[in-house]
Amino acid sequence: MTMELEYNRDLYGVEHEAGPFEITPELIQTFNRSIGETNAMFTDHATAQAAGYSGVLAPPTLVTMLVRNVELPDIELNFGVVRFHAGQRVQSRAPIVAGDSLMASSHLKEVYPKTGRSGTMVFTVWETTFTNQDGLVVADVQESYASRE
Amino acid sequence: MPDHNGPFFEDIDLGDEIGPIELVATDDNVANFCALWGNPMPNRFTSQEIAEKSGLPGPIVPGVMSMAIMSQALTDWAGPEALKDLDLVFRQPVPHNKPLLVSATITDTREEDGENLIECDVLMMGEAGERYVGGTAIIALPSNSE
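Here's what the structure looks like:
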C-alpha cells in the first residue's frame, strides 16, 4: 500500500533564518563543562593560538544546540499522534573558533514514511546550514523527527 | 597538524575497534546542558514526574547531548579537528547516572579530496547491552608520511 502523505509542500525551498549567534569563549567553556570536555584545543586559548587559531575551537556538535533557536513552521502533517527526535547529523565544513558570529538558515529537506517491525512512522527532516562572519559555511546539521500513530 | 597525539591513517585497518569508552551523564550534567541549550526546566530531561507522564521510566539524556558525548569520545581518540560527519539514530531513551559505553568499528578507509578518511559504525550502549544510539562517523586522520 502506498501511503498518501499530506503536508505543506510549499515549505520546500523556503529558508528560515536565525542569528547572529556569537560564539563566545564563555559559551564554549559552558558547553565543555556540561559534557566534561577537557581537550586543550577546546579549553585553552594558548594551546589553540599555538595551533594557529585566534581562539579556542568550538567542539563540533556545539552548533546542534543552536538549531532550536530557528523558528520552524508546522508542516501540517496528516499522520501520527506521537512525535519524537529520531536522529541527528552534523557535518563539519570548517573550524568554528571563539569570536565567530554564525548565522543559521534552515529548510525542510524531506518527509518520508518508513515501515518496520513497530509499524509505520513518518520522518520529517530539517537541514540547517551555519555560516560564519566571512560567509564561509562551517557546518550543516540535519534533524530528523519521527511521527507515529 | 601540530602535536598530533592520536592515531595516523596508516595505523588503521578495516574492522579495528575504538573503545568502549565509558562515560556518565549525571543529573547535574544534564541540567547544565539544558540550561545552556535554552530548554525551559523542569522538563522530561530533568524531572522524574514529567518523564513518567511522557511514558518514560525516568528523566533521559537529550539526543543533542548524547551526540555531544559521542562526538567527545571520537575527538578524544582522533583529535579535535578530525570529526567530519556524525550521523546518529536515537534508538532508545538514554538514562542519567548510568555507564554509557561508546565504541566504534572501522568499516572503510579511503583517500578523498586530499584527505585520509576513515568511516566507522558508532554505538552508545548500556551495561546490559542496550543499544541506545547508533550511527556512522567519518573521521579525517593525518598520514605519518606528511
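Just so you know, the protein sequences line up as chains S and D, in that order. Oh and the first sequence: position 122 is 127 in the working numbering, straight run, nothing missing. Oh and the second sequence: position 126 is 450 in the working numbering, straight run, nothing missing. Every residue gets a Cβ at the ideal spot worked out from N, C-alpha and C, and that includes glycine.
**Request:** Name, in chain order, the residues that DSSP records as bridge partners for T433(D).
**Result:** I442(D)
**Message:** Determine whether the beta carbon atoms of G330(D) and A428(D) lie at a separation below 8 Å.
**Reply:** no
**Asked** F135(S) by DSSP, collapsed to three states: which one?
**Response** strand
**Request:** May I have the straight-line CA-CA distance separating Q138(S) from G124(S), to the nearest angstrom?
**Result:** For Q138(S) and G124(S), the gap between their C-alpha atoms comes out near 45 Å.
**Prompt:** Where does R455(D) land, buried or exposed, given buried means 16+ other C-beta within 10 angstroms?
**Reply:** Exposed.
**Request:** Starting from the C-beta of E341(D), find all residues in its chain whose C-beta is less than 6 Å away, skip the five residues before and the five after it, and write them out in chain order.
**Result:** Result list for E341(D): T429, in chain order.
**Proximal residues of chain D, C-beta to C-beta of H90(S) below 7 Å** = G387 and F414
**Asked** Given a limit of 8 Å on CB to CB distance, which residues of the stretch 366 to 383 of chain D reach chain S?
**Response** none
**Message:** List, in chain order, every chain B residue whose beta-carbon is nearer than 8 Å to that of R153(S).
**Reply:** The chain inventory of the structure shown lacks chain B, comprising the protein chains S and D.
**Prompt:** Which residues in chain S sit within 9 Å of K408(D), going by Cβ to Cβ distance?
**Reply:** Those are P65, Q96, S97 and R98, listed as they occur along chain S.
**Prompt:** Leaving out the 5 sequence neighbours to the left and right, which residues in its chain are closer than 7 Å to T2(S) when beta-carbon positions are compared?
**Reply:** The structure shown does not extend to residue 2(S), since chain S spans only 6 to 154, so no value can be given for it.
**Request:** Just list the alpha helix (DSSP H) runs in the stretch 20 to 57 of chain S, keeping only unbroken ones of 4 residues or longer that don't cross its boundaries, in chain order.
**Result:** As far as the stretch 20 to 57 of chain S is concerned, its whole alpha helix (DSSP H) runs of at least 4 residues are 30 to 40, 45 to 48 and 50 to 55.
**Message:** Along the stretch 124 to 153 of chain S, where does the CB come closer than 7 Å to a CB of chain D? Name the residues.
**Reply:** none
**Prompt:** Going straight from the alpha carbon of N37(S) to that of L380(D), what length do you get?
**Reply:** 28 Å
**Asked** Are any of the Cβ atoms in chain S nearer than 8 Å to that of S395(D)?
**Response** yes
**Request:** At 9 Å on the CB atoms, spell out the chain D contacts of E81(S), in chain order.
**Result:** Listed along the chain, the chain D residues whose CB falls inside 9 Å of the CB of E81(S) amount to none; the nearest CB is some 24 Å away.
**Request:** Could you pull out every residue in the same chain whose Cβ sits closer than 7 Å to the Cβ of P326(D), ignoring the five residues on either side in sequence?
**Result:** Note that P326(D) scores 49 on pLDDT, short of 50, meaning its location in the model is unreliable and no value can be drawn from it.
**Request:** Can you tell me which of the three DSSP states G124(S) falls into?
**Result:** Of the three classes helix, strand and coil, the one that applies to G124(S) here is strand, per DSSP.
**Prompt:** Should P65(S) and S395(D) be called a contact, given that it needs their Cβ atoms to be closer than 8 Å?
**Reply:** yes
**Prompt:** Since Y117(S) sits in a beta bridge, which residues does DSSP pair it with?
**Reply:** Per DSSP, F128(S).
**Item:** Spatially closest choice to Y12(S) from E148(S), G85(S) and V142(S), by CA coordinates
**Value:** Distance from the Cα of Y12(S) is smallest, within the candidate group E148(S), G85(S) and V142(S), for G85(S).
**Request:** Give the secondary structure of M325(D) by DSSP, where H, G and I count as helix, E and B as strand, and everything else as coil.
**Result:** In this prediction, M325(D) scores a pLDDT of 45, lower than 50, which makes its location untrustworthy; the coordinate-derived value is nonetheless stated afterwards. Here DSSP, grouped into helix, strand and coil, assigns M325(D) to coil.
**Neighbourhood of M389(D) by C-beta distance below 6 Å, restricted to the same chain and skipping five residues each side** = F357
**Request:** Please classify R368(D): is it buried, with 16 or more other beta-carbons within 10 angstroms of its beta-carbon, or exposed?
**Result:** buried
**Asked** Helix, strand or coil: which one does DSSP assign to T350(D)?
**Response** coil
**Asked** Considering only the beta carbon of each residue, do L62(S) and A55(S) sit closer than 8 Å?
**Response** 8 Å or more divides the Cβ of L62(S) from the Cβ of A55(S).
**Asked** Is DSSP giving A392(D) helix, strand or coil here?
**Response** Three-state result, A392(D): helix.
**Item:** Burial state of E42(S) (16 or more Cβ within 10 Å)
**Value:** buried
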